[in-house]
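One structure is given below, encoded as structure tokens.
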Amino acid sequence: MENPYQESGEALHRRAQEIRKKICVMNSAARSGHTGGDMSEADILAALYFHVLRYEVKEGGLVSWFDQFILSKGHGVGGLYACFAELGWLPERELLTYLKDDSRLPGHPVRQKLPNWVTVNTGGLGHGLPIAAGLAMAKQRHAASKGDSAGRVFVLTGDGELEEGSNWEAAMSAAHFELSNLVVIVDRNRLQLADFTHNIMDLEPLDDKFRAFGFEVHDVNGNEVDKIWKLIESLDHVNRKPKVIIANTIKGRGVSFMENVPAWHHKFPDEDQLKQALRELEDA
Ligand SMILES: Cc1ncc(C[n+]2csc(CCOP(=O)(O)OP(=O)(O)O)c2C)c(N)n1
Ligand SMILES: [Mg+2]
4 MENPYQESGE
14 ALHRRAQEIR
24 KKICVMNSAA
34 RSGHTGGDMS
44 EADILAALYF
54 HVLRYEVKEG
64 GLVSWFDQFI
74 LSKGHGVGGL
84 YACFAELGWL
94 PERELLTYLK
104 DDSRLPGHPV
114 RQKLPNWVTV
124 NTGGLGHGLP
134 IAAGLAMAKQ
144 RHAASKGDSA
154 GRVFVLTGDG
164 ELEEGSNWEA
174 AMSAAHFELS
184 NLVVIVDRNR
194 LQLADFTHNI
204 MDLEPLDDKF
214 RAFGFEVHDV
224 NGNEVDKIWK
234 LIESLDHVNR
244 KPKVIIANTI
254 KGRGVSFMEN
264 VPAWHHKFPD
274 EDQLKQALRE
284 LEDA
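Residue numbering for the sequence shown is 4 to 287, as defined by our numbering.
Pasting the structure below:
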């Protein structure tokens, strides 16, 4: 099974920008949302859904997954909904129901609301990687029993999220169980809820920490779509090590007044800000 799009270059970059525009419209309408983290992850989501992940869309929007994705930083769900709309899975007008009563689009990903597009419910930070490790192990064992190659499991964590100890228990077991089909992507925007990570809980040297836990470690500019998918395609899944990609991103990426500003973690654009944001995203 292959990715049905395999887009690259300007086409893929435009996907990321369209995802960002949808995030701004959606969060502005909801007068809420985690805009900064939605925007930092947009290129990673575009690269995954429009180039990397292997899946097949069946009738009625049902998706058969060979690879799987977990958004562990569940508060960044605005990016995921916008991506689903860009894929044509969600009608664009439905984004305007984000956070409303009875909407299919609550503030964190809920599988019961969007069956089979959302792999697992997240939002409480620190749960995605442990679940992804279990899923990667299940995929490996299932594939081995049939003599097939295993699908990959991608999990996107926040960098602040790595302060949760559960991640490191999962990392330790991922190496022990040789989960070479597990790919952790860290949205390394260097900001967490209210401040820079180095002021709250310094993560550095993050690459050495993962290496010490038995991971194969890579880093990339996480706001450059082609660099992301090219790196993922170059990964060697035969070497028995779980992988981590430290994706260096900018929180609020793409809109001048949001970039690197801690307050945009949980701010939404007002009417004038929305107009400016859409202009900037269209032009870049
Ligand atoms: C266990 C837990 N504690 C606290 C929160 C509240 N919370 C939501 S987002 C966030 C900051 C996350 O920062 P980071 O992981 O760096 O995400 P990003 O910068 O990508 O938005 C916090 C503390 C939570 N969702 N779960
Ligand atoms: Mg962060």
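Glycine included, C-beta positions come from ideal geometry on N, C-alpha and C.
Treat the numbers as computed from the prediction; the structure is a model and nothing was measured.
query: Specify the secondary structure class of F157 as computed by DSSP and reduced to three states.; result: strand
query: Which term fits V28, buried or exposed, when burial requires 16 or more other beta carbons within 10 angstroms of its beta carbon?; result: buried
query: How should S43 be labelled, buried or exposed, when 16 other C-beta atoms within 10 angstroms of its C-beta is the threshold for buried?; result: buried
query: Out of D198, E207 and I231, which one is the CA nearest neighbour of L56?; result: I231
query: Which word fits P118, buried or exposed, when buried means at least 16 other C-beta atoms lie within 10 angstroms of its C-beta?; result: exposed
query: Taking the continuous alpha helix (DSSP H) assigned at K246, which residues delimit it?; result: That residue, K246, is in no alpha helix (DSSP H); its beta strand (DSSP E) goes K246 to N251.
query: So who's on the other strand from I73, going by DSSP bridges?; result: V158
query: Is the beta carbon of N192 within less than 6 angstroms of some heavy atom of ligand 2?; result: yes
query: Would you report the Cα separation of E181 and G137, rounded to the nearest angstrom?; result: 12 angstroms
query: Less than 6 angstroms separating the Cβ of L98 from some heavy atom of ligand 1?; result: no
query: To which residues does DSSP link N224 through a beta bridge?; result: N251
query: Could you pull out every residue in the same chain whose Cβ sits closer than 6 angstroms to the Cβ of V247, ignoring the five residues on either side in sequence?; result: V187, F213, F218 and V220
query: Looking at G163 and ligand 2, is the gap between the Cβ and the nearest heavy atom below 6 angstroms?; result: yes
query: According to DSSP, simplified to helix, strand and coil, what is E207?; result: coil
query: Inspect the CB distances between the stretch 45-54 and the stretch 17-24 and report whether three or more fall short of 8 angstroms.; result: yes
query: Per DSSP, what kind of secondary structure is D239 in: helix, strand or coil?; result: coil
query: Per DSSP, what kind of secondary structure is V186 in: helix, strand or coil?; result: strand
query: Please identify the residue among A32, E59 and L277 whose C-alpha is closest to the C-alpha of E97.; result: A32
query: Per DSSP, W68 forms a beta bridge with which residues?; result: Y58
query: Less than 6 angstroms between C-beta atoms, sequence neighbours within five positions excluded: which residues of the same chain meet that for T200?; result: D162, G163, R193 and L206
query: Between G64 and chain D, is any beta-carbon pair separated by less than 7 angstroms?; result: The chain inventory of the structure shown lacks chain D, comprising one protein chain alone.
query: Return yes when at least one heavy atom of ligand 1 lies under 6 angstroms from the C-beta of K212, else no.; result: no
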